[in-house]
Structures are given as structure tokens and as C-alpha cells.
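Here the structure is laid out as C-alpha cells; the discussion comes afterwards.
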Amino acid sequence: MNPEQMARQIRHELEQVTWPAGSQALVFGSQGRVRIYSDLPTEEQIPPVFPAAMVGIKSGTPDRDLPEFMHQQFTVTALAMVGGDPMGQHSVVGGATADVGTSAGKGVMELAERVRYVLKNIMGATGSKVHMHLSSTETPVSIAGKHLVANDTGIEAMCTSDLYYAPPQQFVNSGSSWTWVGAQHCRSRHDFVSYALAYIVGSTPAEDFSSYTQVESSVTTEAITHVAVPGRVYTVFAEYNRHGRSGETTIVGRSRGDRKGAYVVI
């Protein structure tokens with residue numbers, strides 16, 4: 008993933024994360040409580056409801072040995088606002104709650120634990136090396152009788168310089184049955200749309216989808232049934248929409264067709 012794709016993936020994972028006990032409700036809920044920003048957020052950028060999270064895209068530097076990769080910095084800022092005490096303690100460590108599985112009364116340190124959980128596990132979906140290097144909690148700010156507290160968690164991720172669309176792996180054929188691996192690194196991505204099976208005549212796979220003839224499309228699981236024809240190379244493509252929100256299904260990018268493990272020569 009490039010830095011834009013990574014920021015969108017972090018936001019997607021934060022929108023999905025739940026509490027591990029009780030009702031196991033979403034930590035940040037809906038209503039745009041997780042947003043992406045650059046540098047420092049302005050007052051207008053801060054979500055109007057809490058808890059909330061901000062994904063900040065910071066500086067990045069090209070890798071000296073592999074210029075197609077870059078070391079990109081991100082910061083995830085968790086925001087909590089809880090009333091009930093004059094010093095802001097509840098906004099830091101949490102207050103009374105009727106259900107430990109909801110966000111009501113949760114302090115920013117409890118939110119930060121869920122943020123770290125997401126960041127530690129995001130590597131499986133992106134294939135990127137992710138390293139956490141920063142964690143800090145700000146001083147509570149009093150607003151209308153409640154205290155707003157922020158916690159920053161910083162990471163460095165190894166990103167691609169260009170857009171990257173992960174290909175399926177371990178593509179195999181047995182008679183008319185085709186299977187592959189992609190649930191973790193393809194289907195769990197925020198921008199995944201579907202898989203497509205296609206072929207090219209000969210014994211050499213091509214890189215671009217336009218060189219192929221499509222035989223099956225809109226596949227959303229890692230298996231398909233199709234009768235193979237000798238003298239062809241079959242490739243399973245993963246299809247993506249880089250925006251990946253609000254039910255977007257228009258395909259704007261596909262994995263390469265010549266990646267080892269994504270094609271079978273019949």
C-alpha cells in the first residue's frame with residue numbers, strides 16, 4: 008500500500024474495532040468519528056461527537072536501498088470527553104459505566120489500548136512492516152463542564168511509493184475447482200471489491216488485465232468452479248476501488264496478472 012492507501016486502511020480498521028467484553032460494541036461508532044488529516048487538525052476537523060479518532064499523515068522518506076518503498080510516519084489521535092469530575096480524571100482513565108462493552112464513560116487510555124490493538128494487527132491486512140514509536144497523553148482541556156483529552160500513538164510503516172493492489176496467492180486448480188488464498192491480505196482491505204478469473208492463450212502470463220479474456224467476475228470468496236481449457240494461462244485477479252467507502256463497487260485497480268502464485272498454466 009502507498010501512504011494514502013495505508014491511511015485509509017488504518018481508518019477502516021479503527022471503524023471496525025470493538026470492545027473485547029460486554030456488548031462488544033464498536034469503539035468509535037459511526038457518524039464520521041474517525042477522520043484523516045494532515046499535520047495538526049484544526050478545531051473544525053475534530054469530530055463533534057466522542058469518542059473519536061484522527062489519522063494523521065506525517066512525513067515520509069524513501070528507502071535508501073529500495074527506492075520503490077518509503078518509510079511513512081502516521082499518528083493516530085484518540086479523543087475522549089467524559090464528565091463527572093472536576094479534574095478530568097474520567098476522560099483519562101474512564102468513569103462509571105453500566106456496560107464495559109460500550110464506549111460510554113470510557114477514558115482516552117482505554118481508547119488508546121484499542122488503537123494499539125488495531126495498529127499491531129494491521130500488518131496482516133497490508134503486508135507492510137509497522138513499527139510503533141510514540142505514545143503520549145495530553146493535558147485535559149475543560150469544555151462546557153467536561154474535559155477533552157487526546158492520546159497520540161505514532162507509527163512508522165513501510166509503504167510503496169506507488170499504488171499497490173495485493174494479488175491473491177496459492178492459486179490452484181483441481182479439475183473444475185479453483186481455489187486461492189486472499190481472505191487476509193485481499194478481502195480484508197478497505198478497498199477490496201471482488202475477484203475475477205481470466206485467461207490468456209499460451210503459457211506466459213501477462214501483467215495487465217486488458218490482455219486477458221474474463222470468464223468469471225464479481226467473486227467474493229476464495230473458490231470458484233470453471234472448466235479449464237488446455238493451452239491457456241488462468242489468472243485470478245483481485246479488484247479494488249481505492250476510495251472503498253459507502254458501497255463503492257466501481258473497479259479502479261487490479262492486482263498484476265503475472266505474480267507468482269496468482270496464475271496457473273493449463
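Residue 8 is where the sequence shown starts when you use my numbering, and the numbers rise one by one after that. For each residue, glycine too, the CB sits at the ideal point set by N, CA and C.
| Check | Outcome |
| --- | --- |
| Buried or exposed (CB count within 10 angstroms, at least 16 for buried), PRO74 | exposed |
| Cβ-Cβ distance between ALA235 and THR186 below 7 Å | no |
| For ILE17, the first and last residue of its enclosing beta strand (DSSP E) | Here ILE17 belongs to no beta strand (DSSP E); instead the alpha helix (DSSP H) covers 10-23. |
| Close Cβ partners of ASP198 (< 6 Å) along its chain, the five nearest in sequence each way excluded | TYR247, ASN248, ARG249, GLY251 |
| Presumed contact (8 Å Cβ cut-off) between ALA87 and VAL156, rounded CB distance | 5 Å |
| Minimum C-alpha distance to ASP265 - residue among VAL226, THR160, ALA213, THR256 | ALA213 |
| Residue(s) in a DSSP beta bridge with HIS154 | VAL89, SER149 |
| Three-way DSSP call (helix, strand, coil) for LEU141 in this model | strand |
| For ASN180, the first and last residue of its enclosing beta strand (DSSP E) | 176-181 |
| contact_flag[the region 20-34, the region 111-125] where n(CB pairs < 8 Å) is 3 or more | yes |
| Three-way DSSP call (helix, strand, coil) for TYR270 in this model | strand |
| According to DSSP, residues forming a beta bridge with GLU163 | GLN80, HIS138 |
| Alpha-carbon spacing of PRO27 relative to HIS233, whole angstroms | 41 Å |
| Proximity of ALA205 and THR242 at Cβ, strictly below 7 Å | yes |
| Alpha carbon of ASP70 to alpha carbon of ALA203, nearest angstrom | 33 Å |
| Rounded C-alpha distance that separates THR84 from ILE150 | 18 Å |
| Between the CA atoms of VAL208 and ARG196 - distance to the nearest angstrom | 31 Å |
| CB contact flag (GLY114, VAL100, <7 Å) | yes |
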